[in-house]
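Below you'll find the structure, written out as structure tokens, and then a few comments.
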Amino acid sequence: MSQTKSMPTDSSIQVTPSPLQVPEHVAIIMDGNGRWANQRGLPRAAGHRAGAESVRRAVEACKRYHIKYLTLYAFSSENWKRPESEIKALMSLLQRFLKEKTKEMVKQNVRLRTIGRIDMLPEDTRKQLDKALKQTENNTELTVTLALSYGSREEIVDATKAIAKDVAGGKLDPDTIDNATFKNYLYAPDQPDPDLLIRTSGELRLSNFLLWQLSYAEIFVLDKFWPDFNEEDMHAAVQEYSKRHRRFGAI
Numbered sequence: 385m386s387q388t389k390s391m392p393t394d395s396s397i398q399v400t401p402s403p404l405q406v407p408e409h410v411a412i413i414m415d416g417n418g419r420w421a422n423q424r425g426l427p428r429a430a431g432h433r434a435g436a437e438s439v440r441r442a443v444e445a446c447k448r449y450h451i452k453y454l455t456l457y458a459f460s461s462e463n464w465k466r467p468e469s470e471i472k473a474l475m476s477l478l479q480r481f482l483k484e485k486t487k488e489m490v491k492q493n494v495r496l497r498t499i500g501r502i503d504m505l506p507e508d509t510r511k512q513l514d515k516a517l518k519q520t521e522n523n524t525e526l527t528v529t530l531a532l533s534y535g536s537r538e539e540i541v542d543a544t545k546a547i548a549k550d551v552a553g554g555k556l557d558p559d560t561i562d563n564a565t566f567k568n569y570l571y572a573p574d575q576p577d578p579d580l581l582i583r584t585s586g587e588l589r590l591s592n593f594l595l596w597q598l599s600y601a602e603i604f605v606l607d608k609f610w611p612d613f614n615e616e617d618m619h620a621a622v623q624e625y626s627k628r629h630r631r632f633g634a635i
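The sequence shown begins at 385 in our numbering and counts up by one.
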């Protein structure tokens, strides 16, 4: 679902008086941290640190546009295959980010949520996440969902197992299962599906991200790495989204 909003005022962005059709929910595949670092002769961890700053810019841009939901592909189920040193660096960065930004999220009325197989994360990371989730749970302006240890195929498998269990236990009549029923078994059933998917680094694939939820999303690909993402890029994505006519299979 999209919303009609007046364009935000920012000295760095050229605006026109006409309203934009603003997406209610934006999802982002934050791709290219490692390649950004490699191009600069830096360790991959430096790219991830720079990428964390882009998260801050994306959140600020969403607030400026009054976007209600932002889902970020932060750590995929496939990322566990990376070198142990890089995984440790990523978990350390996540913990530091949460420690530094949770108070700011509370102040800005931003709620933090997670999706994914969170039980696979290190215990100290889970504890820091739990603190941030509890401290921000009553915030209402923007919901930021971090996809951590997340894979969409795994989410669909988990949902299917839960449905099968409820059918076997007599809690669910299989003849009543429809799209709405299935969605209720996904990780965040109360959130609307993304209206707009942004992917950085120029890659043209979904990478096992929100396969069910992105069925009717508009896709905007940026030919730049995630650490270079800024508010002007969000502006361009929202402008492009506003020009598109979403038919949802109709004429």
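Using N, Cα and C, we set each Cβ at its ideal position, and we do this for glycine too.
Checklist entry - Looking at C-beta atoms only, is the number of pairs between the segment 434 to 448 and the segment 550 to 569 that lie closer than 8 Å three or more? => result no
Where do the N-terminal and C-terminal ends of the beta strand (DSSP E) with Ser533 fall, by residue?
526 to 534
**Request:** Would you mind stating whether Ala473 and Ala429 have Cβ atoms separated by less than 8 Å?
**Result:** yes
I need the straight-line Cα distance from Thr584 to Gly554, nearest angstrom please. 45 Å
Next item on the list: Could you tell me the distance, in whole angstroms, from the CA atom of Leu530 to the CA atom of Asp559?
Entry: 34 Å
Practice problem: Specify, as a first and last residue, the run of the alpha helix (DSSP H) that Glu615 falls within. | Solution: 615 to 627
For His409, the residue or residues it bridges with in DSSP = Tyr453
Check whether the Cβ atoms of Val622 and Tyr449 lie closer than 8 Å to each other. yes
(request) Please report how far the alpha carbon of Gln519 lies from the alpha carbon of Leu482, in whole angstroms. (result) 11 Å
Reduced DSSP secondary structure (H/G/I, E/B, other) of Leu580: strand
Q.
Using 8 Å as the threshold, is the C-beta distance between Gly431 and Pro576 below it?
A. no
Using C-beta distances below 8 Å, list every residue in its chain close to Trp464, excluding the 5 sequence neighbours before and after it, in chain order. Ile471, Met504, Ser533
- prompt: Exposed or buried, which one is Gln512 when buried takes at least 16 other CB atoms within 10 Å?
  reply: buried
Q: Find the nearest neighbour of Ser536 within the set Val406, Ile413, Glu616, judged by alpha-carbon distance.
A: Ile413
Secondary structure of Ala601, DSSP reduced to three states:
coil
*Three-state secondary structure (DSSP) of Arg497*: strand
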